[in-house]
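Report on the following structure.
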Amino acid sequence: MSEFVVLPKRKNEAWISEFSTENLKLSLRIKNIIHVEKTPYQDLLIADSYEYGRVLLLDGAFQLTERDEFCYSEMMSHVALCSHVNPEKVLIIGGGDGAILREVMKHQNVKRCVLIDIDERVIECSKKYLPQQSVAFNDLRADVKCMDANKFIQDAGEKFDVVIIDSTDPVDFAATLFQAKFYDAVRKIMNDDGMLVELTESPFVDYKVMTQATKQMREVFPIVKNYWGAVPTYPSGMWTYGIASLKTDPSLPVREVQNTRYYTNEIHKASFILPPFLKELLS
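Numbering (our numbering), first residue to last: 22 to 304.
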């Protein structure tokens, strides 16, 4: 697990460090701590950094920075939404900072998006301190619920076209979100041409999460593929995603989206071209 420390270096200087492993950490020099609290579920910290702007950490792990979050948010959202034939109803599990929701709402054909995050404090603090990311919470198509995702899925009386699992690292209350039992429950609330996308971590720092999550998806879905992209402040800077589909090939975009900074249809197609070492890990 990661943890954060504030390290005084010189007079009037402080750093936040995320320890990805015992031998690897990312450190950012910070201007000031904006907000820190222990919620009922996790440690929450928001700070201003010199290099990456405002940052959000949960349990000591960087969730986003103002400078590079679009890399992750766009690839988590648009790959599925641009390859699905008609994604009208979307479910986001996690994503309490609102960045994924912001990207989903760029698609005019999306009529309804439900966001489920167990930690209400993440949502409230994001609204207050992360306005660039939380801008879509006021969209009339958004339905935000603070509850356990497993409970919502169990009782859901509707089905979705795209499910985006934007969880924290697969430990503690988030660990079940990477298991075949959970994927099977999600499949039951997906339409016949539904898609599911989930982060699968770094192939350099925690490749076991990537391989195990992919294996678990393959037990449930007929089409499972992996793609990757750059996220500089995530461990190693190389990030992978798993996408599962009930019918359509998710590597082939069928529509475009406007106002993006990382994602394009060309990037979409190229992200499914895996380096040989990544193919070997996933084989």
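For glycine and all other residues, C-beta sits at the position ideal for the given N, C-alpha and C.
- Here S98 carries a helix assignment [DSSP, helix/strand/coil].
- F242 counts as buried, since at least 16 other C-beta atoms from the protein chains shown sit within 10 angstroms of its C-beta.
- Here the stretch 165 to 183 makes contact with the stretch 128 to 145; the two share three or more CB pairs at distances below 8 angstroms.
- Straight-line spacing of the CA atoms in E87 and D118 works out to 11 angstroms.
- If you draw a straight line from the Cα of E179 to the Cα of I114, it is about 15 angstroms long.
- By the criterion of at least three beta-carbon pairs nearer than 8 angstroms, the stretch 96 to 108 is in contact with the stretch 271 to 286.
- Annotation: the continuous beta strand (DSSP E) that includes R133 extends over R133 to I137.
- Across the set S48, M211, N159 and D176, the C-alpha of M211 shows the shortest separation from the C-alpha of L112.
- Just so you know, the alpha carbons of A291 and K300 end up roughly 15 angstroms apart.
- Where M259 is concerned, the enclosing beta strand (DSSP E) starts and stops at M259 to S266.
- Around R50, the same chain offers W36 and Y71 as residues with beta carbons nearer than 6 angstroms, after the five sequence neighbours per side are excluded.
- Here DSSP, grouped into helix, strand and coil, assigns Q200 to coil.
- For L220, the closest alpha carbon among the candidates E240, V76 and V184 is that of V184.
- Boundaries for A163: no alpha helix (DSSP H) harbours it, while the beta strand (DSSP E) harbouring it runs A163 to K166, taken from the DSSP string.
- Annotation: Q129 is outside any beta strand (DSSP E) and is labelled neither H nor E by DSSP.
- The residues S94, M97, S98, I113, I185 and D187, in chain order, have a CB closer than 7 angstroms to that of I121 in the same chain once the five nearest residues on each side in sequence are set aside.
- Look at A177 here: in three-state DSSP terms it is coil, with no helix or strand label.
- Counting only residues of its own chain and dropping the five nearest sequence neighbours on each side, D69 has a CB closer than 7 angstroms to the CB of I51, K52, N53, I55 and R75.
- If one requires a minimum length of 3 residues, the beta strand (DSSP E) runs lying completely within the stretch 204 to 235 are 211 to 220, in chain order.
- Here K132 is not near D214, since their CB atoms are 8 angstroms or more apart.
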